[in-house]
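Here the structure comes first, spelled out in structure tokens, and everything after it is commentary.
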Amino acid sequence: MKITFVLPYAGLQGGIRVIAIYAERLARRGHDVRVISMPQVFTMRHTAKSLLLGRGLPRPEPSHFDGIDVPHRVLDSVRPVTDDDVPDGDVVIATFYTTAYGVQSLSPSKGAKAIFIQNYEVPPGKFNPTLDATWRMPMHKIVISKWLVDWARDKFGDTSISHVPNSVDMEQFHAPARNRNVRPTVGMLYSSSPLKGCSVSLKALERVAAVLPSLRVVSFGAEQPDFRLPLPSYAEFHHRPPQQQLRDLYAQCDVWMCGSHVEGFHLPPLEAMACRCPVVSTRCGGPLDIIDEGVNGHLVNVKDDVALADRVLRVLTLSNDDWKRMSDAAYRTATHFTWDDATDLFEQALHRAIERTRRGQLGTHMVKHAA
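Here the sequence shown is numbered in the working numbering, starting from 50 and rising by one per residue.
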């Protein structure tokens, strides 16, 4: 197949990493794969901060597409793609709601229209009419978790969804059977994005540390900690660690904690499981697909820092034998998710998009951009 992915800025976000994995694996299977993305845009505040710190004008950050053998074109400006940007092909894939309008308006010669949806990034109880409009577009939907399948059916009446769960590279993420640490250690992803729920996680850590004063926290993220959302003194932070270092960070932890408000799938918990780390998470979406309550981790309600702390403490205070059973169960869960299987499903989803288009099941009309 001739496949084109259309992205917003292709940086180091987890969702971009997933797209890069599929692009590279599809290319290895002999498909003609191309990637088109928008340039990075810096806010005036970001630019001013960089200049004040003597760093000069900000430079584009690295990308998960760096170093992979897939053609990647960055457009000259942030704008919808046009027929002049996209080669003729079999299928063209929007990867974020802001790219969907351009993809939907492309000529049929550019390929069947699909959209790869990795989240519904709206706080619970909120509404984004522009985002919702993309779910109603006549494009084949590919989603990464069961809750997004249910969301498409219940909210938009779409039952022709392809479910392609994210996976983990067990050659990269693994760890031998081990004992619980003498010093209790919690791992977490740091982000100042409100949807990532770091404020909830940090409150939970305070409660855990009050019970276990020797608590150690291992954290990493794509941004330096914000002074308005500081990590505690007993936390160590790794800024943009290389992929090969992530395994060691996960393997140092007795429990991985996620306090997010909403997640499409969320790879870190599954990667932590591959490194034999039980997971305690909010019921934020994706983790529901991988956590078996009390077996490989625990689930709590969103925004409930008290329950989050309680379940983390339960894991940290298990006997060594009980902790090892939970650790081994987490590892077994991870082995059920492979990128080879996921790429098979992604290929099937693209063929389905092409077939639905051929049968006239996907229209070509535009959905008006919501105001």
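For every residue, glycine included, the Cβ atom is placed at its ideal position computed from N, Cα and C.
Endpoints, the beta strand (DSSP E) within which residue i is located
i	result
E432	As shown, the chain starts at 50 and ends at 420. That puts residue 432 outside it, with no answer to give.
I164	161-166
A143	140-143
L238	234-238
L348	346-349
D81	81-86
T331	328-331
L337	Segment: none, L337 is in no beta strand (DSSP E) and carries neither H nor E.
Within 8 angstroms, strictly: CB atoms of residue i and residue j
i	j	result
D354	V249	yes
F54	P214	no
E12	V217	In the structure displayed, the chain extends from 50 to 420; residue 12 sits before or after that span and is not available.
F286	L238	no
L254	P281	yes
V328	M322	yes
R83	P136	yes
I166	I142	no
W388	R74	yes
D338	K195	yes
R183	I164	Here the sequence assigns Thr to residue 183, which means Arg is not the residue at that position. Taking 8 angstroms as the Cβ cut-off, T183 and I164 qualify as a contacting pair.
V349	R360	yes
C326	H223	no
G60	S112	yes
S154	P187	no
Neighbourhood of residue i by C-beta, 7 angstroms cutoff - its chain only, sequence neighbours within 5 removed
i	result
T208	R202
S242	none
N230	D303
Q301	T234, V267
R374	none
K252	D354
L399	M50, I52, V140, A163
R401	H189, S211
W200	Y169
Between the CA atoms of residue j and residue i - distance to the nearest angstrom
i	j	result
A378	Y169	29 angstroms
M50	Q89	29 angstroms
L362	A383	23 angstroms
K162	T131	14 angstroms
D81	I52	6 angstroms
A419	N369	Because A419 carries a pLDDT of 36, less than 50, the predicted location of this residue cannot be relied on, and the following value inherits that uncertainty. Each residue's alpha carbon lies about 55 angstroms from the other.
N228	G151	52 angstroms
H189	Q62	24 angstroms
A284	P225	25 angstroms
K245	T331	11 angstroms
R277	G313	26 angstroms
F395	H212	9 angstroms
P109	L411	37 angstroms
P120	L295	27 angstroms
P274	H288	9 angstroms
V311	C333	4 angstroms
R122	P317	28 angstroms
I403	A391	19 angstroms
G343	S309	20 angstroms
G346	R66	25 angstroms
F114	I68	9 angstroms
L180	F145	9 angstroms
C307	R408	43 angstroms
T406	A258	56 angstroms
D341	C247	23 angstroms
A271	P279	15 angstroms
G116	Q221	17 angstroms
Chain-order list of residues whose beta-carbon lies under 6 angstroms from that of residue i (same chain, five-residue window excluded)
i	result
M87	P57, Y58, L124, V127
R256	A358
R232	S263, R265
W372	R229
Q292	none
Y380	R325
V364	V304, P327
G335	S194, E312, G313, F314, H315
Start and end residues, alpha helix (DSSP H) containing residue i
i	result
A226	Per DSSP, A226 belongs to no alpha helix (DSSP H) and is neither H nor E.
L264	Careful: L264 lies outside any alpha helix (DSSP H) and carries neither H nor E.
S376	369-384
M322	316-323
V152	146-153
D354	354-365
V198	195-205
Residues near residue i in its chain [Cβ-Cβ closer than 8 angstroms; skip 5 each side]
i	result
P290	F269, L298
K159	T53, D132, V135, P136, D137, G138, V141
A149	A143, I164, T183, M186, M188
L367	R229, M375
M219	A323, A383, T384, T387
D118	E73, A76
Below-8 angstroms beta-carbon distance, residue i vs any chain C residue
i	result
V90	Absent from the structure is chain C; it holds one protein chain and no more.
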